[in-house]
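Residue numbers (this note's numbering): 488 to 600. The beta carbon of each residue, even a glycine, is placed where N, CA and C say it ideally should be.
Structural data, given as structure tokens:
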């Protein structure tokens, strides 16, 4: 959400008051008005920039959290697959040991015969 910032534009009276004189020449009045308008514009631009930075930061934070959650899910899936592979390897190893014991026993019986 963007926050709408409203600012009042300077009036001729406020420009004259800021300049400190009722008898300003038109050129001086224009320069004083530009200075006040410029300050108001700078304030507006600064507020707009701050709001945009907040919005971008919030969006990046949401994207970062989403990527982090996805990465965590991928790591968990990888760990589950590794665990399955480890169990399968342990089962195969146990089966080979049983076969090895059977061959050793068969060899012993052949030696005795």
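Asked                                                                                                                : Found
Own chain partners of residue 594 with C-beta closer than 8 Å, once the 5 adjacent residues on each side are dropped : none
Rounded separation between residue 592 and residue 579 - CA only                                                     : 20 Å
Check: residue 581 C-beta below 7 Å from any heavy atom of the ligand ATP                                            : For the structure depicted, the ligand ATP is absent and the ligand set is empty, with no information on it obtainable.
Span separating the alpha-carbon of residue 589 from that of residue 554                                             : 53 Å
CA-to-CA distance, residue 544 to residue 583, given in whole angstroms                                              : 58 Å
DSSP-derived helix/strand/coil call for residue 553                                                                  : helix
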